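Right, one structure below, let's go through it.
Residue numbers (full-length UniProt numbering): 1 to 340.
Shown next, in the form of structure tokens:
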């Protein structure tokens, strides 16, 4: 086992998940896992609301989980992040980075001066004048705020990455079928549609499981914690309390529809493709009956993602959740794999 370990850090709206991985003889091995709850308002949809609370939660997580390393790959999400396919002048990597702000200045909703920019090629560079790839733009201050809060906990952010790319690394299947990876969090849902690992659509939806909880709480006239517990108990199962399950299904409808709307982008630019399979991850995917209900709503085969498919092992830690909760770790696993 290599001595060097890498930690993927996924900061959500209600919890933090961290996965430590190292390179083993037969491939990557998860050597440690930890998670910690976040107080309400500390982070919402990738935007830090209380940096001190976030820093404290990270310190507590590292103390409880006893990770070997303090170097982390940080997953960042934000409603203002833009990921779109584009074609740029084919330049050497160093020149591309310098020229990128000038090439994309007129195609972004945010000023380039207030954005962090990157370009992910979708084809091997050749002698052509242009190269096709994904343009990534994120609001600079929002990302830096999360980085600073993380580093105040005594951690070192070696790089930042998108949850969508982490999902591709951890849970994608390359069998010639168009697959949608959908990670449902409390306030954000990440959708990445790919074919054999090449992203076709990357979208962040500012909706998630908390919206369902809030609607259910309002309908029943109860506090959010009680509604959350009831939601997780009843879910969308056909054999559950029909009245409550019906309310949950109705509340989840807008999230389901946004996922369906994401697939419409597949036919943009003359491209014709249909999603053949959908794989669910994130804390929201643990809702009982969700895969069956979403699959019926979309008319697409829907399964729970397996974030262990590219791992050669997973060592159980003393703070670890049951195996049934592992789909919620897909982003943190993918972040760790990106560095391992």
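Beta carbons: idealized from backbone N, C-alpha and C, even for Gly. The structure displayed is predicted, hence computed values, not measured ones.
Bridge partners for residue 136 per DSSP, in chain order? Along the chain shown, read from residue 1 onward, the residue named residue 136 stands at position 136. Paired residue(s): 83 and 118.
Would you kindly report the start and end of the unbroken beta strand (DSSP E) that includes residue 35? Taking the first residue of the chain shown as 1, we reach residue 35 at position 35. In the DSSP assignment, residue 35 falls within the unbroken beta strand (DSSP E) covering 27–37.
Ordered list of alpha helix (DSSP H) runs contained in the region 232–308, each at least 4 residues: 242–263 and 290–298
What would DSSP say about residue 322, mapped onto helix, strand or coil? The sequence position of residue 322 within the chain shown is 322, counting from 1. With a pLDDT of 49 at residue 322, under the threshold of 50, the predicted position of this residue should be treated as unreliable, though the coordinate-derived value follows. Here residue 322 sits in coil by DSSP.
According to DSSP, is residue 97 helix, strand or coil? Translated into the one-based positions of the chain shown, residue 97 becomes position 97. Here residue 97 sits in helix by DSSP.
The beta strand (DSSP E) spanning residue 158 covers which residue range? Position 158 of the chain shown, counted from the first residue, corresponds to residue 158. Per DSSP, residue 158 belongs to the beta strand (DSSP E) from 156–161.
Could you please give the first and the last residue of the uninterrupted beta strand (DSSP E) stretch that includes residue 72? Counting from 1 along the chain shown, the entry for residue 72 is found at position 72. Where residue 72 is concerned, the enclosing beta strand (DSSP E) stretches over 71–75.
Helix, strand or coil: which one does DSSP assign to residue 92? Within the chain shown, the letter at position 92 stands for residue 92. DSSP places residue 92 in coil when its eight states are reduced to three.
Using a Cβ-Cβ cutoff of less than 8 angstroms, which residues in the same chain neighbour residue 155 once the five nearest sequence positions on both sides are dropped? Looking up residue 155 in the chain shown gives position 155. Once the five neighbours on either side are set aside, the close Cβ partners of residue 155 are 9, 58, 62, 70, 71 and 72.
Under 8 angstroms, do residue 24 and residue 332 count as touching if we go by C-beta distance? The residue you call residue 24 lines up with position 24 of the chain shown. The residue you call residue 332 lines up with position 332 of the chain shown. No, the pair does not count as a contact, with Cβ atoms beyond the cut-off.
Which residues does DSSP list as the beta-bridge partners of residue 215? To locate residue 215, count along the chain shown from 1; it is residue 215. For residue 215, which the question treats as bridged, DSSP gives no partner whatsoever.
Taking the CB atoms as reference points, tell me whether residue 218 and residue 186 lie closer together than 8 angstroms. On the chain shown, residue 218 is found 218 positions in, with the first residue counted as 1. On the chain shown, residue 186 is found 186 positions in, with the first residue counted as 1. For residue 218 and residue 186, no; Cβs fall outside 8 angstroms.
My output table needs one value for residue 6: the three-state DSSP class, helix, strand or coil. The residue given as residue 6 occupies position 6 in the chain shown. If DSSP states are grouped into helix, strand and coil, residue 6 belongs with the strands.
Looking only at C-alpha atoms, which of 136, 315, 233 and 325 sits nearest to residue 203? Translated into the one-based positions of the chain shown, residue 203 becomes position 203. Nearest of 136, 315, 233 and 325 to residue 203, Cα basis: 136.
DSSP state of residue 58 mapped onto helix, strand, coil: As a position in the chain shown, residue 58 is number 58, starting the count at 1. Residue 58: helix per DSSP, three-state reduction.
Taking the C-alpha atoms as reference points, what is the distance between residue 158 and residue 147? Against the chain shown, residue 158 aligns to sequence position 158. Against the chain shown, residue 147 aligns to sequence position 147. So the two alpha carbons sit approximately 10 angstroms from each other.
Using only alpha-carbon positions, find the residue among 289, 51, 221 and 44 that is nearest to residue 344. Past the boundaries of the shown model lies residue 344; the chain is included only from 1 to 340, so the question cannot be answered.
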